[in-house]
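Heads up, the thing below is written out as structure tokens.
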């Protein structure tokens, strides 16, 4: 829309330009180098980790050349629960506390499920006895 009705032709001209092709390769190589040499080691990323990269690219519509603004590049990643302590530099009290609470809650949930099942059986017994008494009274 910004380029008006001729936008598609302008886009094709940019995409097919030598400047776009060359700068795309340079940009990709620079981003790849930044990721593997700086970002991945700094954040201790491993195979299977989930992340997203945000950045700013500048495009010159006349030449088709793209420029990568490295200073505005960010890596956003999600820490796997099994690596929480490792990523934050050991297991701080909060991670350990949360782990203990989770284990306690799991035990409590299992205990409550067992109690619920016991009460369900007890209720069934009471219903059967009530039915027997009711049938005797008839």
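In this note's numbering, the protein residues as written are 1148 to 1285. Virtual Cβ for every residue (Gly too), placed ideally from N, Cα, C. Only a predicted model underlies this, so the values are computations on that prediction, with no experimental measurement involved.
Exposure of residue i, with buried meaning 16 or more beta-carbon neighbours within 10 Å
i, result
"residue 1180", "exposed"
"residue 1211", "buried"
"residue 1282", "exposed"
"residue 1159", "exposed"
"residue 1161", "buried"
Cβ separation of residue i and residue j, assumed to be a contact under 8 Å, to the nearest whole Å
i, j, result
"residue 1167", "residue 1199", "Contact flag wrong, Cβ pair sits at about 24 Å."
Nonlocal neighbours in the same chain, by C-beta distance under 6 Å from residue i, ignoring five residues either side
i, result
"residue 1206", "1213"
Bounding residues of the beta strand (DSSP E) (the contiguous stretch that carries residue i)
i, result
"residue 1219", "1213-1225"
"residue 1206", "1197-1206"
CA nearest to the CA of residue i, picked from the options
i, options, result
"residue 1186", "1257, 1164, 1263, 1221", "1221"
"residue 1224", "1209, 1271, 1194", "1194"
"residue 1216", "1192, 1173, 1209", "1173"
Continuous alpha helix (DSSP H) stretch holding residue i: start and end
i, result
"residue 1165", "1165-1181"
"residue 1184", "No alpha helix (DSSP H) holds residue 1184; DSSP gives it neither H nor E."
"residue 1155", "1154-1162"
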